[in-house]
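**Student:** Below you'll find the structure I mean.
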Amino acid sequence: MIKTNNVIFKIFIFIIVAIILILLAPRIFYTLFNVDNKLSTKETDILLLSQTYPTTFYFIGDTIPLDKSITTKNITVDEVSNITTSKKEWAMLVINDLNDDLPIREEQWKNIVDTVQNNSHINCMYLGNSDWDVMEKQGYFSGKEDLDDTDLSMGLIHQKTSVINTLGMLKADDDPDDLPALLLHEQAYDLQTSRT
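So for the sequence shown, this note's numbering puts the first residue at 572; every next one is plus one.
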């Protein structure tokens, strides 16, 4: 009789726990996997860069207006080595040379490359194409065979344990109004893929 009561009690507890888990399963799934099908890509990128991977965008040259929840700062090329991030902060250095009006010297490019390569929380995006020769010489990328005159972006991006180059975020025939969303998406995508 005591064994039967014990078994019935255990079955009762098991059923209660199973019901609770079944009722909480959707909430647990959405909490763990951050699924919200109602958000656009832009909204998702903004949430990722303002909350999950808090990112400051540092601009050399003209600032590109981003969503107000994204932190932006204007700096000079000589201030690049002053960019710091904590363990849970990231930075995207954006060098906006689309107007071909940023005279960046070789030693400044070397400093940019060294700063990005030595801090896994800093990515860099060069917008323009007038400095490619000096960028290549200073180690920003190697080999111009994949470049063409329509490319207007070159990223120096941390991908897991290495630093890679990205091309094609911005092309000459792209709508300039899309540039803020492209920058946000590039950084959000790179952070998501390098952290998985």
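Yeah, the Cβ is synthetic: ideal placement off N, Cα and C, and Gly gets one too. All of these numbers come straight from a predicted model, not from anything done at the bench.
(1) Can you tell me whether DSSP reads Asp722 as helix, strand or coil?
(2) Could you check if Ile675 is buried or exposed, using at least 16 other CB atoms within 10 Å of its CB as the buried criterion?
(3) According to DSSP, is Leu754 part of a helix, a strand, or is it coil?
(4) Leaving out five residues before and five after Lys681 in sequence, what residues of the same chain have Cβ atoms less than 6 Å from its Cβ?
(5) Note down the Cα distance separating Ser701 from Leu754, rounded to an integer number of angstroms.
(6) Where does the unbroken alpha helix (DSSP H) through Val648 begin, and where does it stop?
(7) In angstroms with no decimal places, state the Cα-to-Cα distance between Ala662 and Lys581.
(8) Taking C-beta to C-beta, are Asp720 and Leu738 nearer than 8 Å?
(9) I'd like to check one pair, Leu698 with Ile666: are the Cβ atoms closer than 8 Å?
(10) The alpha helix (DSSP H) that contains Asn682, what's its start and end?
(11) Roughly how many angstroms separate the alpha carbons of Val648 and Thr612, rounded to a whole number?
(12) Looking at the strands, I want to know which residues DSSP matches up with Leu762.
(13) Are Tyr629 and Lys639 close, meaning C-beta to C-beta below 8 Å?
**Tutor:** Per the coordinate set shown:
(1) The sequence position of residue 722 within the sequence shown is 151, counting from 1. Asp722: strand per DSSP, three-state reduction.
(2) Taking the sequence shown and counting its residues from 1, one reaches residue 675 at position 104. Classified as buried, Ile675 has 16 or more neighbouring CB atoms from the shown chains inside 10 Å of its CB.
(3) Translated into positions along the sequence shown, residue 754 becomes position 183. Reduced to three states, the DSSP call for Leu754 is helix.
(4) Residue 681 sits at position 110 when you count from the first residue of the sequence shown. Result list for Lys681: Gln709, in chain order.
(5) Residue mapping note: residue 701 aligns to position 130 of the sequence shown, counting from 1. Residue mapping note: residue 754 aligns to position 183 of the sequence shown, counting from 1. Straight-line Cα distance between these residues: approximately 20 Å.
(6) Counting from 1 along the sequence shown, the entry for residue 648 is found at position 77. Where Val648 is concerned, there is no enclosing alpha helix (DSSP H), given that its DSSP letter is neither H nor E.
(7) Locating residue 662 in the sequence shown gives position 91, where the first residue counts as 1. Locating residue 581 in the sequence shown gives position 10, where the first residue counts as 1. Each residue's alpha carbon lies about 54 Å from the other.
(8) Numbered from its first residue, the sequence shown carries residue 720 at position 149. Numbered from its first residue, the sequence shown carries residue 738 at position 167. The answer is no: Cβ separation not under 8 Å.
(9) Counting from one through the sequence shown, the residue named residue 666 turns up at place 95. Counting from one through the sequence shown, the residue named residue 698 turns up at place 127. Against a cut-off of 8 Å, the Cβ pair of Leu698 and Ile666 comes out as a contact.
(10) Here residue 682 is taken as the residue at index 111 of the sequence shown, counted from 1. From DSSP, the alpha helix (DSSP H) with Asn682 extends over Glu677 to Gln688.
(11) As a position in the sequence shown, residue 648 is number 77, starting the count at 1. As a position in the sequence shown, residue 612 is number 41, starting the count at 1. Computed Cα separation, rounded: 31 Å.
(12) For the purposes of this step, residue 762 is taken as the residue at position 191 of the sequence shown. Per DSSP, none; premise fails for Leu762.
(13) As a working mapping, residue 629 is identified with position 58 in the sequence shown. As a working mapping, residue 639 is identified with position 68 in the sequence shown. It is not a contact, given that the beta carbons lie outside the stated cut-off.
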